[in-house]
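Participant: Just so we're aligned, residue 22 is where the sequence shown starts under the numbering used here, counting upward by one.
All C-beta atoms in this analysis are idealised placements derived from N, C-alpha and C, irrespective of residue type, glycine included.
Sending over a structure as structure tokens; questions will come in a sec.
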Amino acid sequence: MQQYFNYSLDWLTQRNAQHTAKEIWQQPQIWREVLELIQQKQPELQQFLQPILADANSDIILTGAGSSAFGGVALAPWLREHTHRNFFAYGTTEIVADPLQYLRPNKKTLIISFARSGNSPESVATVQLADQLVADCYHLFITCNPNSALTQYAAKANNSKRIFELIMPEGTNDLSFAMTSSISSMMLATLLIFGNFDNQTTIDAVNKIADIAEQKLINWQNITKQLAAKSHQRVIYVGSSCFTGLAQESALKILELTAGKIASRFDSILGLRHGPKFMVDKQSLVICLCSNDAYIHKYDNDLFNELVHDHIATDVLALCGKNNNTANVLSINSDLADCWLLFPYLIFAQMLAFEKSLSCGLTPDNPCPTGEVNRVVKGVTIYPFNRV
């Protein structure tokens, strides 16, 4: 009998949870398919990117809304450091509201649009605004829906050499409310395209994170279920560098899948002490996303120990890359670079949010059946931008 996380498909279907479970579970295989896709598309991608990357001063903007924005926030710091290029991450929700704060009209710009459906009003509006305001603008659409509004925009474009559309493998256009395999596949594709890895390093790393995730989908079942059974009213994720963006996405998953019944927050490792630490109380779960970088990890370790010794939070947990036998630390047992650790850490956050949703008596595939919050955002009016 088919099952996910030791739940039968029938049991999950009765609780409107089957899509979320499947879409979390399928990710290791999806990542291997993303690797194959990028390898196949590499010649076309190189040709498209050549005029952009030839200019070392080009702006490269990762954008999207919700999870699609936070995936960019996670990747941009690492890509900026390791490629020495001008990677930035701004939400489409920020750009649409005031585009000239984020778009530089006289700077060659590549807009990388992350989109699950590709139909969010802000996604299309951002592309239109960039073409309106930026003299030398290119677009890379990384989407999960081959029939999206962004696809239609690309088809109608006057200069196809300035738009490249990359559709993620089948199954990534998540049917569930929350983005899971969609966001991880788009993040991975971006890392593979721009990460400056040699071919064998890429193959080895993707296979490694896929193997790790397959193990952790099983090994983390008990702990995520045990944590979900506790009466946490707040879940707080903290991390530095690329893990700050991942903390933001992880906090969103809890908020989404529990329909706001559990409050969530994210912050950087050093930022938590500057006021937000008041969020930590007797009903809190705090999760530290730890770096494999020796320098950064010193700060991770200090905050983790401080939170444990405070004896305030109900639970304090750390996710670590390298082997660590400390209590309340879940180790990946790998020296992978932080850019790769993003993916197994994301699996944990998704699993925990899924279990918390079930523990709240909700339906993970649609935690808001009354429709106030929707899978594809509704109710947004896009206004013409006429400021010079």
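(1) Could you tell me the boundaries of the alpha helix (DSSP H) in which Tyr123 lies?
(2) Can you check the stretch 66–93 for any beta strand (DSSP E) of at least 3 residues that lies completely inside it and give the ranges in chain order?
(3) Quick check on Arg53: does DSSP put it in helix, strand or coil?
(4) Going by C-alpha distance, which of Thr114, Thr84 and Gly192 is nearest Trp52?
(5) Write down every uninterrupted run of the alpha helix (DSSP H) in the stretch 197–270 whose length is 4 residues or greater and which is fully enclosed by it, in chain order.
(6) I'd like to know whether the C-beta of Ala315 is nearer than 8 Å to at least one C-beta of chain C.
(7) Looking only at its own chain, which residues have a Cβ that is under 7 Å from the Cβ of Ala280, when we skip the five neighbours before and after it?
(8) The alpha helix (DSSP H) spanning Thr2 covers which residue range?
(9) Tell me whether Ser252 is buried or exposed, calling it buried when 16 or more other Cβ atoms sit within 10 Å of its Cβ.
(10) Excluding the 5 residues flanking Ala90 on each side, which residues of the same chain have their C-beta closer than 6 Å to its C-beta?
(11) Could you check whether the stretch 343–350 touches the stretch 233–246, counting it as contact only if at least three pairs of C-beta atoms, one from each stretch, sit closer than 8 Å?
(12) Please identify the residue among Gly139, Tyr316, Lys177 and Val329 whose C-alpha is closest to the C-alpha of Asp302.
(13) Using beta-carbon positions only, say whether Val155 and Pro126 come within less than 8 Å of one another.
(14) Just checking, does the stretch 291–298 make contact with the stretch 219–228 on the three C-beta pairs under 8 Å criterion?
(15) Nearest-angstrom Cα distance between Ile230 and Asp157?
(16) Name the residue from Gln153, Ser138, Gln371 and Glu57 whose alpha carbon lies nearest to the alpha carbon of Asn407.
(17) My output table needs one value for Gln24: the three-state DSSP class, helix, strand or coil.
(18) Does the stretch 192–202 come into contact with the stretch 42–50, if we say contact requires no fewer than three beta-carbon pairs (one atom in each stretch) closer than 8 Å?
(19) From the DSSP output, in three-state form, read off Phe299 for me.
(20) Note the first and the last residue of the continuous beta strand (DSSP E) segment covering Tyr111.
(21) Would you mind working out which of Ala136, Ala75, Gln60 and Asn240 sits nearest Leu171, comparing C-alpha positions?
(22) Just to confirm, are Thr147 and Ser79 a CB contact at a threshold of 8 Å?
(23) Ile318 and Gly216: beta carbons closer than 8 Å?
(24) Look at the alpha carbon of Gln68 and the alpha carbon of Gln23, and state the distance between them as a whole number of angstroms.
(25) What three-state label does DSSP hand Arg294 in the structure shown?
(26) Using the C-alpha atoms, what's the distance from Ile133 back to Ile233?
(27) Is it buried or exposed, Asn168, if we count other Cβ atoms within 10 angstroms and call 16 or more buried?
(28) Please list the terminal residues of the continuous alpha helix (DSSP H) segment that includes Phe369.
(29) State whether the stretch 355–375 contacts the stretch 264–273, with contact taken as three or more CB pairs (one from each stretch) at a distance under 8 Å.
(30) Got a sec? Which residues, its chain only, sit under 7 Å from Ala97 by beta carbon, not counting five neighbours each side?
(31) Assuming the contact rule is C-beta atoms closer than 8 Å, Gly260 and Ser289 should be a hit. Round their C-beta distance to whole Å, please.
(32) Take the Cβ of Phe299 as the centre, count every other Cβ of all protein chains shown within 10 Å, and call the residue buried at 16 or more, exposed below.
(33) Grab the span of the beta strand (DSSP E) containing Asp336 for me, first residue to last.
Facilitator: So, to answer that:
(1) As a first step, residue 123 must be located in the sequence shown, where it is residue number 102. That residue, Tyr123, is in no alpha helix (DSSP H); it is neither H nor E in DSSP.
(2) 80–85
(3) Here residue 53 corresponds to residue number 32 of the sequence shown, with the count starting at 1. In this structure, Arg53 counts as helix in the three-state DSSP scheme.
(4) Taking the first residue of the sequence shown as 1, we reach residue 52 at position 31. Checked all of Thr114, Thr84 and Gly192; the closest Cα to Trp52 is Gly192.
(5) 202–215, 220–240 and 242–250
(6) Absence of chain C from the displayed structure is noted, only one protein chain being present.
(7) The count along the sequence shown starts at 1 and reaches residue 280 at position 259. Excluding residues within five positions, the ones whose Cβ falls inside 7 Å are Leu383, Pro388 and Cys389.
(8) Given a span of 22 to 409 for the chain in the structure shown, any question on residue 2 remains unanswerable.
(9) Along the sequence shown, one-based indexing puts residue 252 at 231. So Ser252 ends up on the exposed side.
(10) Residue 90 sits at position 69 when you count from the first residue of the sequence shown. So the list reads Gly112, once near-sequence residues are dropped.
(11) no
(12) Stepping through the sequence shown from its first residue, residue 302 is reached at position 281. Asp302 has its Cα closest to that of Val329, out of Gly139, Tyr316, Lys177 and Val329.
(13) Here residue 155 corresponds to residue number 134 of the sequence shown, with the count starting at 1. Here residue 126 corresponds to residue number 105 of the sequence shown, with the count starting at 1. Against a cut-off of 8 Å, the Cβ pair of Pro126 and Val155 comes out as a contact.
(14) no
(15) Counting from one through the sequence shown, the residue named residue 230 turns up at place 209. Counting from one through the sequence shown, the residue named residue 157 turns up at place 136. Looking at the two C-alpha atoms, the distance is approximately 37 Å.
(16) Looking up residue 407 in the sequence shown gives position 386. The residue with the shortest Cα to Cα distance from Asn407 is Gln153.
(17) Within the sequence shown, the letter at position 3 stands for residue 24. Here Gln24 sits in strand by DSSP.
(18) yes
(19) Locating residue 299 in the sequence shown gives position 278, where the first residue counts as 1. Secondary structure at Phe299: helix, using DSSP grouped into helix, strand and coil.
(20) Within the sequence shown, residue 111 is the residue found at index 90, counting from 1. Taken as a continuous stretch (DSSP letters only), the beta strand (DSSP E) holding Tyr111 covers Asn107 to Gly112.
(21) By one-based count along the sequence shown, residue 171 stands at place 150. Checking every option, the nearest Cα to that of Leu171 belongs to Ala136.
(22) To locate residue 147, count along the sequence shown from 1; it is residue 126. To locate residue 79, count along the sequence shown from 1; it is residue 58. No; because the gap between Cβ atoms is not below 8 Å, this pair is not in contact.
(23) Stepping through the sequence shown from its first residue, residue 318 is reached at position 297. Stepping through the sequence shown from its first residue, residue 216 is reached at position 195. It is worth fixing the name first, because residue 318 is His in this sequence and not Ile. No, Cβ-Cβ distance for His318 and Gly216 is not below 8 Å.
(24) As a working mapping, residue 68 is identified with position 47 in the sequence shown. As a working mapping, residue 23 is identified with position 2 in the sequence shown. Going from the Cα of Gln68 to the Cα of Gln23 covers about 43 Å.
(25) The residue labelled residue 294 in the question sits at position 273 within the sequence shown. Coil at Arg294, not helix or strand.
(26) Translated into the one-based positions of the sequence shown, residue 233 becomes position 212. Translated into the one-based positions of the sequence shown, residue 133 becomes position 112. When rounded, the distance between both Cα atoms is 28 Å.
(27) Translated into positions along the sequence shown, residue 168 becomes position 147. With fewer than 16 other Cβ atoms within 10 Å, it is exposed.
(28) In the sequence shown, counting from the first residue as 1, residue 369 sits at position 348. Per DSSP, Phe369 belongs to the alpha helix (DSSP H) from Asp359 to Ser380.
(29) yes
(30) On the sequence shown, position 76 is the one that residue 97 refers to. Once the five neighbours on either side are set aside, the close Cβ partners of Ala97 are Leu83, Phe108, Phe109 and Ala110.
(31) Mapped onto the sequence shown, residue 260 falls at position 239. Mapped onto the sequence shown, residue 289 falls at position 268. Taking 8 Å as the upper bound for CB-CB distance, Gly260 and Ser289 are in contact here, some 7 Å apart.
(32) Along the sequence shown, one-based indexing puts residue 299 at 278. Exposed, by the Cβ-count rule.
(33) Locating residue 336 in the sequence shown gives position 315, counting from the first residue. Note, Asp336: beta strand (DSSP E), Asp336 to Cys341.
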